[in-house]
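Working notes, structure below.
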Amino acid sequence: MLTGGPASAIWCWLMGSIMCLSIGASIGELVSAFPACGGLYTATGFVVPKRWIPPISWVVGWMNLLGQIAGVASTDYALSQMILAGVVMGKDKNYTITAGATVGIYIGILCFHGVVNSMGTKWLSRVTKYYVFINVGTSIALIVSLLVVTHNKQTGTYIFTHVDDQSGWHSNGFAFLLGLLSVQWTMTDYDATAHISEETRRAAIAAPVAIFTAVIGTGILGWLINIALTLCSPTDLTILANSPTGLAVAQIMYDRLGKHGALAIWSFIIIVQNFTGTTALQANSRMIYAFARDGAIPGGKFFGMNKTTKTPITAVWAVVVVSILLGMLRFASVAAINAVFSLCAIALDWSYMIPIFCKLLFCGVLGMVPFKGGPFHMGKLGFVVDGIACTWILFVSGILMMPTVYPVTAINMNCTCHISPNTN
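In C-alpha cells form, the structure reads like this:
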C-alpha cells in the first residue's frame, strides 16, 4: 500500500492469491504422488529422464534450501519488528526503534524457535495444533473491530481504484505491481507439509489438503484484511510511511483502535507470527536432514535424527546460525534486509517452478517420462495449471527483483539479484 496505494494492496493480493492457487495445485499433485521429507527435490527425480535427475534435483534442492532459510530469517525478523512496534504503541510512541534492538530480539526469537524445534515431534504438534483457530479468530477480530470503530472510512471508489505512486518511478503501473511482494512473501513454503510427510499419517492425502486449505484460507482472509485496512487508512500515506512503529498496519490499528485496543489484538498477531516461525524452522530442518541423508550436502550422519527426540537437532541449529548471519544485513541497510524477504519468495518459487516445468515438459509435451499421480491428480488439466504456474512465477520474479524506490542508490537498491543464484 505504501508504494502503490490502496488499489495496489487490494487487487495485487487478489490476483496473486488466485495465481498462487495454481502453484499450490501443481505442488499438491507432485507431493501427493511422491510424499517425502525432501519435498519437491525428491519429486523432481520422478519427472525427469534418469540421466538428468542428479543435476536438476540438486539445483531444486539448493533453491528450496536457500529459500527456506531466507523464509525463516524473514519470518522471525518480521516478528521482531512486530514486538518492537508493540513497544512503541505501549509507550505512546515515545520509543525509537534501533537496528541493534531489532537484531537483538531477532536473535532471541531464533534461539527460542531452535529450542522448541529441538523437542519431540509430538510436543511440536501439541504446540501448533491451535494455530489455525488463533489465526482465523485474530483475523476476524481485526477486521470487525476496525470496521466498527472507524466512522470516517474511505470510499469504495478510493480503495478499489486509487493508485498512489510513492516509489519515485513515475509509473502507476509499476507502482501497482509492487503490491505483489506482500502476497508472494506470504504465499510461500507450499511444500512445508511435504517436509514432515514421513512423520505424517496418510501424507499423500494430508499434504495436498493442507496446501489447498492454507492457500485458499490465507487468500480470502488476507484479501478481507487488506480491504478493512485500506478502508480505515488515512488519505495521506506518508503518515504510515513515517510511522514510529515502523509498520503501517500497527499505525492504522493504533490510530483507529487506540492504545489498549490495538495492543490487545496486536498481541495475538504476534502469537500467530510466532507459530509461523516455529513451523517454518521445522520444515527447513527436515529439508536439510533429507538433503544430507541423500548425499546432496555433506554431513548425512551429523544432520541425522536425534535418537531421543526423533528430530534433526543439528539441522535445526544450523538454520538458526545461518539465519542469524542473514539478520546482520540489517546493519548494512534496510534495503539489504528487505532483500531477504524477496529472496524467500523468489528462491522458493523457482524451486517449485523447475519440477513443475519438468513435469509439464517431460511427462506432458514430450511424453518421455510416465507420470503416475497420487490420490490428488488433476489429469490432463494438470498440465494447463502447470503452464499457468510457471508463467506466473517467471513474471512475478522480475517484479520482485526490481528496486522499489527510484532513484536507485547503494543504500536503497534491491540486493535480491546479488544473493539469488538463479540470476548469476
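For the sequence shown, full-length UniProt numbering assigns the number 1 to the initial residue and increments by one for each residue that follows. Glycine included, each C-beta is placed from N, C-alpha and C at the ideal position. Small disclaimer: the values here were computed from a predicted structure and weren't measured.
Are the beta-carbon atoms belonging to Ala194 and Val48 less than 9 Å from one another?
To locate residue 194, count along the sequence shown from 1; it is residue 194. To locate residue 48, count along the sequence shown from 1; it is residue 48. Cβ atoms of Ala194 and Val48: not closer than 9 Å.
Where Thr230 and Val272 are concerned, what is the direct C-alpha to C-alpha distance, given to the nearest angstrom?
Here residue 230 refers to the residue found at position 230 of the sequence shown. Here residue 272 refers to the residue found at position 272 of the sequence shown. One C-alpha to the other measures close to 22 Å.
So what does DSSP say about Asp191, is it helix, strand or coil?
Along the sequence shown, one-based indexing puts residue 191 at 191. DSSP places Asp191 in coil when its eight states are reduced to three.
Please state the DSSP three-state secondary structure of Asn424.
Position 424 of the sequence shown holds residue 424. Because the pLDDT of Asn424 is 39, which lies under 50, any placement of that residue in the model is unreliable, and the number read from its coordinates should be weighed accordingly. Here Asn424 sits in coil by DSSP.
Would you kindly check if the distance between the Cβ of Ala9 and the Cβ of Gly179 is under 9 Å?
Along the sequence shown, one-based indexing puts residue 179 at 179. Along the sequence shown, one-based indexing puts residue 9 at 9. Yes; because the gap between Cβ atoms is below 9 Å, this pair is in contact.
Under a three-way DSSP split, which group does Asp294 fall into?
For this step, residue 294 is matched to residue 294 along the sequence shown. In this structure, Asp294 counts as coil in the three-state DSSP scheme.
So what does DSSP say about Ile107, is it helix, strand or coil?
What you label residue 107 is simply residue 107 of the sequence shown in a count that begins at 1. It is helical.
Is it buried or exposed, Gly67, if we count other Cβ atoms within 10 angstroms and call 16 or more buried?
Residue mapping note: residue 67 aligns to position 67 of the sequence shown, counting from 1. Buried, by the Cβ-count rule.
Quick test of the definition: if touching needs 3 or more C-beta pairs under 8 Å, does the segment 154-165 touch the segment 1-15?
Yes, the segment 154-165 is in contact with the segment 1-15.
Would you report the Cα separation of Gln184 and Ile27, rounded to the nearest angstrom?
Within the sequence shown, residue 184 is the residue found at index 184, counting from 1. Within the sequence shown, residue 27 is the residue found at index 27, counting from 1. So the two alpha carbons sit approximately 16 Å from each other.
Which of the three DSSP states is assigned to Ile10 in this structure?
Translated into positions along the sequence shown, residue 10 becomes position 10. Ile10 falls in the helix class under three-state DSSP.
Are the CB atoms of Val115 and Asn284 nearer to each other than 9 Å?
Taking the first residue of the sequence shown as position 1, residue 115 is located at position 115. Taking the first residue of the sequence shown as position 1, residue 284 is located at position 284. Contact: no.
Let me know the alpha helix (DSSP H) ranges lying completely inside the segment 358-382, each 4 residues or longer, listed in chain order.
Within the segment 358-382, no complete alpha helix (DSSP H) run reaches 4 residues.
Less than 9 Å between the beta carbons of Gly367 and Ala33, yes or no?
Reading the sequence shown from its first residue, position 367 is the one you call residue 367. Reading the sequence shown from its first residue, position 33 is the one you call residue 33. The answer is no: Cβ separation not under 9 Å.
Could you pull out every residue in the same chain whose Cβ sits closer than 8 Å to the Cβ of Leu381, ignoring the five residues on either side in sequence?
Translated into positions along the sequence shown, residue 381 becomes position 381. If we look at Leu381 and ignore the five residues flanking it on each side, it has no Cβ neighbours.
Does the distance from the CB of Ala280 to the CB of Asp189 come in under 9 Å?
Position 280 of the sequence shown, counted from the start, is the residue given in the question as residue 280. Position 189 of the sequence shown, counted from the start, is the residue given in the question as residue 189. Yes; because the gap between Cβ atoms is below 9 Å, this pair is in contact.
From Gly24, Leu2, Met1 and Trp11, pick the residue whose C-alpha is nearest to that of Ile393; which is it?
As a first step, residue 393 is located in the sequence shown; it is residue number 393 there, counting from the start. Residue Gly24 is the option with its Cα nearest to Ile393.
State the Cα-Cα distance for the pair Val209 and Asp92, rounded to the nearest angstrom.
Taking the sequence shown and counting its residues from 1, the one referred to as residue 209 is at position 209. Taking the sequence shown and counting its residues from 1, the one referred to as residue 92 is at position 92. Cα-Cα distance, rounded: 44 Å.
Reducing DSSP to helix, strand and coil, say where Ser74 ends up.
For the purposes of this step, residue 74 is taken as the residue at position 74 of the sequence shown. In this structure, Ser74 counts as helix in the three-state DSSP scheme.
In the DSSP assignment, find the alpha helix (DSSP H) that holds Gly217 and state where it starts and stops.
Working through the sequence shown from its first residue, we reach residue 217 at position 217. From DSSP, the alpha helix (DSSP H) with Gly217 extends over Ala203 to Leu231.
I think Met401 touches Ser342, with their Cβ atoms under 8 Å apart; what is that distance to the nearest whole Å?
The count along the sequence shown starts at 1 and reaches residue 401 at position 401. The count along the sequence shown starts at 1 and reaches residue 342 at position 342. That belief holds up - the Cβ atoms of Met401 and Ser342 are roughly 7 Å apart, short of 8 Å.
Out of Ala85, Cys232 and Ile269, state which residue places its alpha-carbon closest to the alpha-carbon of Asp255.
Position 255 of the sequence shown holds residue 255. When only C-alpha atoms are compared, the closest one is Cys232.
For Leu146, which of Tyr406, His377 and Leu224 has the nearest alpha-carbon?
Looking up residue 146 in the sequence shown gives position 146. Checking every option, the nearest Cα to that of Leu146 belongs to Leu224.
Which two residues bound the contiguous alpha helix (DSSP H) that contains Val320?
One-based indexing of the sequence shown puts residue 320 at position 320. Segment Ile313 to Gly327, the alpha helix (DSSP H) holding Val320.
Rank Ala192, Ser22, Trp11 and Thr3 by C-alpha distance to the C-alpha of Ile216 and give the top, closest one.
Indexing the sequence shown from 1 puts residue 216 at position 216. Among Ala192, Ser22, Trp11 and Thr3, the Cα nearest to that of Ile216 belongs to Ser22.
Is there at least one Cβ from chain D nearer than 9 Å to Ile211's Cβ?
Protein chains in the displayed structure number just one, and chain D is not present.
Quick one, are the C-beta atoms of Tyr352 and Leu40 less than 9 Å apart?
By one-based count along the sequence shown, residue 352 stands at place 352. By one-based count along the sequence shown, residue 40 stands at place 40. Yes, the Cβ-Cβ distance between Tyr352 and Leu40 is below 9 Å.
If we ignore side chains and look at the alpha-carbon of each, how far apart do residue 439 and Asp349 end up?
Absent from the structure is residue 439, since the part of the chain shown begins at 1 and ends at 424.
Tell me which residues share the same chain as Ala241 and place their Cβ nearer than 6 Å to its Cβ, disregarding the 5 neighbours each side in the sequence.
For the purposes of this step, residue 241 is taken as residue 241 along the sequence shown, with counting starting at 1. Answer for Ala241: Leu2, listed in chain order.
To the nearest angstrom, how far is the alpha carbon of Gln251 from that of Thr245?
Counted from its first residue, the sequence shown places residue 251 at position 251. Counted from its first residue, the sequence shown places residue 245 at position 245. Spanning the two alpha carbons is a distance of roughly 7 Å.
Take every Cβ of the segment 102-117, pair it with every Cβ of the segment 314-324, and state whether three or more of those distances are shorter than 8 Å.
Yes: the two stretches touch, three or more of their Cβ pairs being nearer than 8 Å.
Please give me, in chain order, every unbroken run of the alpha helix (DSSP H) with length at least 4 that falls completely inside the segment 35-85.
Entirely contained in the segment 35-85, the alpha helix (DSSP H) runs reaching 4 residues are, in chain order, 40-44.
Does DSSP put His260 in a helix, in a strand, or in coil?
Taking the first residue of the sequence shown as position 1, residue 260 is located at position 260. In the structure shown, His260 sits in a helix (DSSP, three-state: H, G or I).
Give me the Cα-Cα distance between Ser331 and Asn338, rounded to the nearest whole angstrom.
For the purposes of this step, residue 331 is taken as the residue at position 331 of the sequence shown. For the purposes of this step, residue 338 is taken as the residue at position 338 of the sequence shown. First, the residue type needs correcting, since residue 331 is Phe and not Ser in the sequence shown. In a straight line, the C-alpha of Phe331 is about 12 Å away from that of Asn338.
Quick check on DSSP: helix, strand or coil for Ile419?
Residue numbering aside, residue 419 sits at position 419 when the sequence shown is read from its first letter. Any answer about Ile419 is weak, because its pLDDT of 48 lies below 50 and its placement is not dependable; what the coordinates show is given next. The answer is helix: DSSP assigns Ile419 an H, G or I state.
According to the neighbour-count rule (16 or more other Cβ atoms, all chains shown, within 10 Å of its Cβ), is residue 457 buried or exposed?
This structure leaves residue 457 out entirely; the chain is present only between 1 and 424.
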